[in-house]
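Take numbering that gives the first Met the number 0: the final residue in the sequence shown is number 311, and no numbers are missing along the way. Shown next, in structure tokens, is the structure this report addresses.
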Amino acid sequence: MNPAALKGRSLVNWKDWSPEEIRYLLELSHLAKKSSRNGDVHHRFMGKTLALVFEKRSTRTRCAFETAFGEEGGHPVFLSTQDIQLGSKESVEDTARVLGRMFSAIEFRGYSQKTVETLASYSGVPVYNGLTDEYHPTQVLADVMTLQEAFERVEGKQVCFVGDGRNNVVHSLIIICSKLGINLTVVCPSQLSPRPEFLKECELWANNSGAHITVSDSLDAVRGADALYTDVWISMGEESQTDARKELLAPYQVNDALLDRTENPSCIFLHCLPAVKGQEVTASVIDGPKSRAWDQAENRKHTIKAIMLATL
Ligand code: CP
Ligand code: NVA
0 MNPAALKGRS
10 LVNWKDWSPE
20 EIRYLLELSH
30 LAKKSSRNGD
40 VHHRFMGKTL
50 ALVFEKRSTR
60 TRCAFETAFG
70 EEGGHPVFLS
80 TQDIQLGSKE
90 SVEDTARVLG
100 RMFSAIEFRG
110 YSQKTVETLA
120 SYSGVPVYNG
130 LTDEYHPTQV
140 LADVMTLQEA
150 FERVEGKQVC
160 FVGDGRNNVV
170 HSLIIICSKL
180 GINLTVVCPS
190 QLSPRPEFLK
200 ECELWANNSG
210 AHITVSDSLD
220 AVRGADALYT
230 DVWISMGEES
240 QTDARKELLA
250 PYQVNDALLD
260 RTENPSCIFL
270 HCLPAVKGQE
280 VTASVIDGPK
290 SRAWDQAENR
300 KHTIKAIMLA
310 TL
């Protein structure tokens, strides 16, 4: 793997990143965390600028990009779509052309995956997907980093995602697990199963890495899990489906009883956050001893820094 080949690269999802490239980003993430814990001062983004375009709310992603970029001497600029012309009277293509003339890189969080892909095609600078309806690639790099901290080897470990099986986080988890040889079971009601054509697309990567990617509507499928992972039942933009989702997903809450059903006393709990405690997870689990959710949140910053160090 030639790190120089990553310069200028965008991250719109993990589909066009090789397992070696993803592993390299993970190595860089661990180095960035060590360096930050040592209190090292670098200025590796000195003289660079980053546009942070947000259509949807964010705590972790925005703060991770701003702090990772700023503490390395770069200048991040937050642009809410409530304020800029994008989405009202200027096209995505024209916005991309203009931002690309002024910024070294662009982060985008919003609804349509097409928007982030168009920004990447027209801006001429690296574009990072900070979450769309379809994917959340920077999140799952932090998730794998957290798994690496918990277990010596992540290859062959069994992660169970429990909840809404067709949201952005699950899609990105399926791709990254397929590429890195991590076994993933998506436990969800059949109405919310990942789409077969998407699973088919990931099959080749899983065959190459040896990952087993499975889907089940039975909670028995959590048996043997090394990590239980959940996310909100109602993702941003899906608020009109609140009642139906609550009804459908009520049996899939991650609680102490479900952790016991793993029959694995070392099983850890993951959540991308924000969490609705009492809905997809109980407070006893997320605030309990098995939870790694807060490490996961911190790791967003180190992994995002690594992505920018590699591509800028
Ligand atoms: N996990 C995550 O992306 O959190 P935010 O929505 O706060 O950015
Ligand atoms: N699936 C969630 C993730 C939040 C980080 C959402 O899209 O709202």
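Even glycine gets a Cβ: it sits at the ideal position worked out from N, Cα and C.
Beta-bridge pairing by DSSP links Pro75 to Leu49.
Fewer than three Cβ pairs drawn from the segment 84 to 98 and the segment 58 to 74 lie within less than 8 Å of each other, which leaves the two stretches out of contact.
Between Glu154 and Leu179, the CB-CB gap stays under 9 Å.
Put simply, the backbone Cα of Thr94 is about 15 Å away from that of Val76. Taking 9 Å as the cut-off, the Cβ atoms of Leu258 and Leu218 do not count as close. The three-state secondary structure of Glu237, taken from DSSP, is coil. Take Leu27, set aside five residues on each side of it, and the residues of its chain with a beta-carbon closer than 7 Å to its own are Ala305, Leu308 and Ala309, in chain order. Secondary structure at Ser215: strand, using DSSP grouped into helix, strand and coil. Proximity of the beta carbon of Ser57 to the ligand CP is indicated: a heavy atom of the ligand is located closer than 8 Å. When the beta-carbon positions are compared, Arg244 and Asp132 stay at least 9 Å from each other. The beta carbon of Gln240 sits closer than 7 Å to those of Ile233, all from its chain and outside the five residues before and after it, given in chain order. Inside the segment 86 to 129, DSSP marks whole alpha helix (DSSP H) runs of 4 or more residues at positions 91 to 101 and 112 to 122, from first to last along the chain.
Per the C-alpha coordinates, the member of Ser189, Ser103 and Thr114 positioned closest to Thr80 is Thr114. Comparing alpha-carbon positions, the option among Glu148, Ser192, Arg291 and Thr145 lying closest to Asn166 turns out to be Ser192.
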